[in-house]
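Undergrad: Everything in the sequence shown is counted per our numbering, starting at 1 for the first residue and increasing by one.
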Amino acid sequence: MKKRNQSLLHNAVTTARKSFRLDGRAVRRALGGMFIVVSLSATVYLLMVVSQFVTGVSKAEAAPQVIRLQLVTAGNDAVTGHRLTTTVNQALRDSPYTIEIVERQTLPRREISKTLVVSRQPDLAPARYLARQLRLPADRVMYQPLEFNRNLVTVTLLAGDDLNVTTGSAD
Numbered sequence: 001m002k003k004r005n006q007s008l009l010h011n012a013v014t015t016a017r018k019s020f021r022l023d024g025r026a027v028r029r030a031l032g033g034m035f036i037v038v039s040l041s042a043t044v045y046l047l048m049v050v051s052q053f054v055t056g057v058s059k060a061e062a063a064p065q066v067i068r069l070q071l072v073t074a075g076n077d078a079v080t081g082h083r084l085t086t087t088v089n090q091a092l093r094d095s096p097y098t099i100e101i102v103e104r105q106t107l108p109r110r111e112i113s114k115t116l117v118v119s120r121q122p123d124l125a126p127a128r129y130l131a132r133q134l135r136l137p138a139d140r141v142m143y144q145p146l147e148f149n150r151n152l153v154t155v156t157l158l159a160g161d162d163l164n165v166t167t168g169s170a171d
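1. Go ahead and pull the three-state DSSP assignment for R68.
2. Pull up the distance between the alpha-carbon of D162 and that of S113, whole angstroms please.
3. Between A91 and the rest of its own chain, which residues show a CB-CB distance below 8 Å, the 5 nearest in sequence each way excluded?
4. Please classify R68 as buried or exposed, where buried requires at least 16 neighbouring CB atoms within 10 angstroms.
5. Rounding to the nearest angstrom, what Cα-Cα distance links N151 and G33 in this structure?
6. Beta-carbon separation of A138 and T73 under 8 Å?
7. Across which residues does DSSP place T106 in a beta bridge pair?
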């Protein structure tokens, strides 16, 4: 009886091994299926690339450029600060830039003799445009980054004694 159980067990194990053994036909089927999947994936990818190349990639519409302005005036004259704000708004009324006055500072004494436009970004175009609209000479535009720029200021206007706030030009 013991031999019979051993032979039945041996037959069961041998049969199980044979059923799990991969023959050449099964391997070819698996490789053929993988080849079809890879081929379809490559075809879909190439079609996507070609369609973008032919039709082009849609371009997002450019947002209007914003000048985030910091106004610095000298003296405690609130009227001058208001006139300066009005002058800047009028100068940039029909411009390609949108203006946001994000900060106003007033120095206690007359410490600014010449009006300066200071760009806080390496791109000087907005600062040059503001200076041109205020009829300031080109040498009054400079670049100096602002440390701890929490208001994200892009341009600082230092209004000096030479800026005529009624006409918006430098004397």
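The beta carbon of each residue, even a glycine, is placed where N, CA and C say it ideally should be. Since we're looking at a predicted model, the values are computed, not measured.
TA: The answer reads as follows:
1. Along the sequence shown, read from residue 1 onward, the residue named residue 68 stands at position 68. Strand, per DSSP.
2. Within the sequence shown, residue 162 is the residue found at index 162, counting from 1. Within the sequence shown, residue 113 is the residue found at index 113, counting from 1. Approximately 7 Å between the Cα atoms of the pair.
3. Counting from 1 along the sequence shown, the entry for residue 91 is found at position 91. The answer, listed in chain order, is L130, Q133, L134 and G168.
4. Numbered from 1 along the sequence shown, position 68 holds the residue referred to as residue 68. Counting Cβ neighbours within 10 Å, R68 comes out buried, since at least 16 surround it.
5. Residue numbering aside, residue 151 sits at position 151 when the sequence shown is read from its first letter. Residue numbering aside, residue 33 sits at position 33 when the sequence shown is read from its first letter. So the two alpha carbons sit approximately 60 Å from each other.
6. Residue numbering aside, residue 138 sits at position 138 when the sequence shown is read from its first letter. Residue numbering aside, residue 73 sits at position 73 when the sequence shown is read from its first letter. No, the pair does not count as a contact, with Cβ atoms beyond the cut-off.
7. On the sequence shown, residue 106 is found 106 positions in, with the first residue counted as 1. Beta bridge pairing from DSSP links T106 with T73.
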